[in-house]
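Below: the structure, in structure tokens.
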Amino acid sequence: MVQSLNRLKESPSQTAGPYVHIGLTPNFAEITGVYPEDLGIRMVNDKTKGERIVVKGRVLDGTGTPLKDALVEIWQADADGLYNSPSEVRVSADANFTGWGRCPSGMDDGVFTFETIKPGRVPYPDGRLQAPHITFWVVARGINIGLHTRMYFGDEEASNAEDPILNRIEHRVRVPTLIAQREGNVYTFDIHLQGEKETVFFDI
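Residue numbering for the sequence shown is 1 to 204, as defined by the UniProt record's numbering.
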């Protein structure tokens, strides 16, 4: 006899928990033998073109406390503004640059770090050039759907001023939440999930 299942309710969506690190960064989670090193940990090699930079920051909750279980991924163009992607139809991107990285936040300090290159400008769909930027995706416990945002460069004032995306932000006081400041070759970009300094997130 077939039993009716109409009494069963949809289970609640699950937030990102320890399985994110176990599945995506097993070495970080002290599970060895899956990959020689976690995927996305290395974006450049000795032959990568462009200016070498370090991007570091923290994912902060509404109280300003760093999350110690966040996972951050980035995507970006190479130094010539080309993406390492099958959808890149202009010319081939730098084969020595992955264009993608993944890093868990530190369990002690909540800091994520990427060693990469400063990206070139890429065209907006209407042909206007966008300012150099890096796209971020963040997951952590308590976040049901990954959050997308962008990091722009504080030393690119002229290109930032004409960027089509930055110019679409209605509340101009929030634009600085997308701007990383430089010290030496290090850009610091903290991502605030809530609160007064809440980062602008994109509905993608």
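Where is the CB? At the ideal position from N, CA and C, for every residue including glycine.
Test item: CB-CB of residue i and residue j under 7 Å
i    : j    : result
I74  : F114 : yes
R182 : I117 : no
G120 : G184 : no
D190 : G64  : no
G50  : A79  : yes
A131 : N84  : no
A158 : L67  : no
Other residues of its chain near residue i: CB distance less than 8 Å, five sequence neighbours each side excluded
i    : result
D38  : L24, T25, P26, N27, F28 and R102
V175 : L166, I169 and V200
Y187 : I53, V54, V55, K56, M151, F153, G154, A180 and Q181
F112 : K56, G57, R58, V59, A70, V72, C103, P104, S105 and G106
F202 : H148, T149 and R150
Nonlocal neighbours in the same chain, by C-beta distance under 7 Å from residue i, ignoring five residues either side
i    : result
T48  : D94, N96, F97 and I117
G62  : L193, Q194 and G195
V173 : none
I22  : A29 and I31
Enclosing beta strand (DSSP E) for residue i [first to last residue]
i    : result
E115 : V111 to I117
L60  : R52 to L60
According to DSSP, residues forming a beta bridge with residue i
i    : result
Q181 : T188
H148 : W137 and F202
I74  : G101 and F136
F153 : A180
K68  : Answer by DSSP bridge pairing: none, since K68 is not bridged.
P123 : L129
V44  : F97
Cβ-based neighbour list, residue i, same chain, cut-off 6 Å, excluding 5 preceding and 5 following
i    : result
R128 : P164
H192 : L60, E198 and T199
N45  : N96
S4   : none
T135 : W75 and R150
W137 : E73, G146 and H148
Contact with chain B by residue i, beta-carbon distance below 7 Å
i   : result
G64 : You won't find chain B in this structure, because it holds only one protein chain.
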